[in-house]
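Residue numbers (full-length UniProt numbering): 1 to 544.
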Amino acid sequence: MEPQIIATTPFDGQRPGTSGLRKKVKVFQQPHYLENFVQAIFDTQPELNGGVLAVGGDGRFYNREAIQVILRMAAANGVRKTLVGRGGIFSTPAVSCVIRKYKTQGGIVLSASHNPGGPDEDFGIKFNSANGGPAPESVTNAIFERTCTLDRYLTLDTPVLDLDHDGSFMLGAMEVVVMDPVSDYAALMESLFDFNAIHQMFNSGLFRMRFDAMHAVTGPYAVAILEKRLGAPPGTVMNAIPLEDFGGGHPDPNLAHAQELVALTEGSDGLDFGAASDGDGDRNMILGKNFFVTPSDSLAVLAANAHLTPGYKTGIRGIARSMPTSQAADRVAEQMGVECFETPTGWKFFGNLLDAGRITLCGEESFGTGSDHVREKDGLWAVLFWLNLLAMRQQSVADIVSDHWRRFGRNYYTRHDYEGVDLAGAEGLMDHLRILLPELPGRQLGDQTVSYADDFAYTDPIDGSVSSKQGIRIGFESGARIVFRLSGTGTEGATLRVYLEFYEPDPTRHHRDTQEAMAPLILIARELGQIETRTGRSEPDVVT
Ligand code: G6P
Ligand code: ZN
């Protein structure tokens, strides 16, 4: 079968953001739009020619069409073999697992993560490298550069491919292997966690939990692992059937979007444990009875207790957290005598540290936690990690976290989001802060004294690459911090994120209401950023 050469012209704005190219479905549906981006991947990644490529997505609207386009183009561009999840489905961590297990030259992930799906909603595509992780900026920049000059792409003229049955077939000279999207991933989880201990906990009948798959990709994974292998009662996984529009919901596991689950953990009859994952299965939210574990605390707790699980019993090498994530993990690292890294927002920045063996665990405030087992954050992994801890410690979630605070002190933490604000206003706010930076150190703001103020820049300790302008950090002498950053994942307008934290060593003050405890710092942030004047918003849209 001869490749067809299709003439095309560049589209503006195909620059991948924090996590790949994300646009409205309608944008992707323009003739040649997806094809151009995919061709830019093949043109800039020569190792794919003659190599193996994993492909799959979170099943959102347009996933099926996109997979067909990508497979035909892969065959036309000389890929030797593609590994595709049945139905075109792979969770993001499962793609990473498959790339690593089968040593493929890379993978293409179709997802817009936690953004809503459907004909009028979002779609996304990203390239993962041979280490299983999101391509580094050098690669995404090269892909973008290529999209600006492209004048043709290669494809094959074939009927619709059947991807709904396991097995393999030839597409031109390329072998397409359609595989169960769950089994390799489930085997990896079983190698890391004490499935017997978790099984016994479910068998006792005393432990009640729900996992909310939010009608997204983790449904089949969670049913297979929690209900089928670990013996959790049927129905433990709620919203388990993946839907192309996620049932009209917003598949983002946080207090605002997983309210149904949150409600089940509340009250005197609340569940012992609640957990949720997002559209593509890489995020997680952890809840105990009447208790929300912030992602920042979750990372710190997992690090401090990792030795209780089979996969991490020999200890951890180091920890990394994204810059806006609270410093709770730093305290654990310090006590354990291991390195702690502060990276820019975006999972890709952990890749080099993981590959170099400098860190074992990493996490972000944006509900992402993971380890060196794959090169993506991993929602179900975090849930299984927590289940393993609960089974070993025989304590409630709240008790485990309270113990942690007693031992390390508590980093009170909150994030305020101002969504869909005017781009110029949001950029104006950031510019205004940048101008203020030099004069802030030493200044008294409310009851706090500024110790440093900068626009965060990161030099990768492994390859020396520099990423600048990653968010405004204002650190106070007390250890408190305010961070201002514009979201890199939105598809409309701008989202201003304000991240706030302060350190409380005194255990008698560990159980205050977070917003109340943080009110003075919140006020400082509002005034310093002139948030209301510049965004026109007096209150944040989402508080987590
Ligand atoms: C994606 C990335 C995360 C990152 C998050 C930040 O989910 O995979 O690594 O933390 O985006 O999103 P934001 O909207 O704050 O740029
Ligand atoms: Zn995601």
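Just so you know, even glycine gets a beta-carbon here, dropped at the ideal spot from N, CA and C. Since this is a predicted model, take the numbers as computed values, not measurements.
Asked	Found
Could you tell me the alpha carbon to alpha carbon distance between arginine 410 and proline 31, rounded to whole angstroms?	53 Å
Considering just the uninterrupted stretch of the beta strand (DSSP E) at histidine 114, what are its terminal residues?	Taken as a continuous stretch (DSSP letters only), histidine 114 belongs to no beta strand (DSSP E), as it is neither H nor E.
Do asparagine 36 and leucine 154 have their CB atoms nearer than 8 Å?	no
According to the neighbour-count rule (16 or more other Cβ atoms, all chains shown, within 10 Å of its Cβ), is threonine 9 buried or exposed?	exposed
Who are the near neighbours of glycine 81 in its chain, counting only those whose CB is closer than 7 Å to its CB and skipping five residues on each side?	Going by the sequence as given, residue 81 is lysine instead of glycine. The answer, listed in chain order, is Val52, Met174, Glu175 and Val177.
For a test of the three-state rule: what should DSSP assign to arginine 317, helix, strand or coil?	coil
Tell me whether the beta-carbon of isoleucine 225 lies closer than 8 Å to the beta-carbon of leucine 380.	yes
Sorted by chain position, which residues of the same chain lie with C-beta nearer than 6 Å to valine 466's C-beta, five sequence neighbours on each side aside?	Thr459
Can you tell me where the beta strand (DSSP E) with phenylalanine 37 in it begins and where it stops?	From DSSP, phenylalanine 37 is part of no beta strand (DSSP E) but of the alpha helix (DSSP H) over 33-44.
Which runs of the alpha helix (DSSP H) at least 4 residues long sit entirely within the stretch 267-312? Give them in chain order.	295-305
Measure the Cβ-Cβ separation of alanine 197 and alanine 391 and say whether it is below 8 Å.	yes
Specify the secondary structure class of proline 540 as computed by DSSP and reduced to three states.	coil
Spatial neighbours of glutamine 444 within its chain, please: CB distance less than 6 Å, with the 5 preceding and 5 following residues excluded, ordered by chain position.	none
According to the neighbour-count rule (16 or more other Cβ atoms, all chains shown, within 10 Å of its Cβ), is histidine 165 buried or exposed?	exposed
Compare the beta carbon distance of glycine 529 and phenylalanine 484 with 8 Å and say whether it is the shorter of the two.	yes
In the DSSP assignment, the alpha helix (DSSP H) including serine 138 goes from what residue to what residue?	137-147
State whether the stretch 91-107 contacts the stretch 371-378, with contact taken as three or more CB pairs (one from each stretch) at a distance under 8 Å.	yes
The ligand G6P and arginine 406: does any heavy atom of the ligand fall closer than 7 Å to the residue's C-beta?	no
Just how far apart, CA to CA, sit histidine 215 and glutamate 365?	23 Å
When DSSP labels each residue in this structure, what does asparagine 411 get in the three-state scheme?	strand
Does DSSP put histidine 416 in a helix, in a strand, or in coil?	strand
Measure the C-alpha to C-alpha separation of histidine 416 and valine 293 and round it to an integer number of angstroms.	17 Å
Taking DSSP's pairing of strands, which residues face lysine 469 in a bridge?	BP columns for lysine 469 are empty, so no partner.
Cβ of threonine 535 versus every heavy atom of the ligand G6P: is any distance shorter than 7 Å?	no
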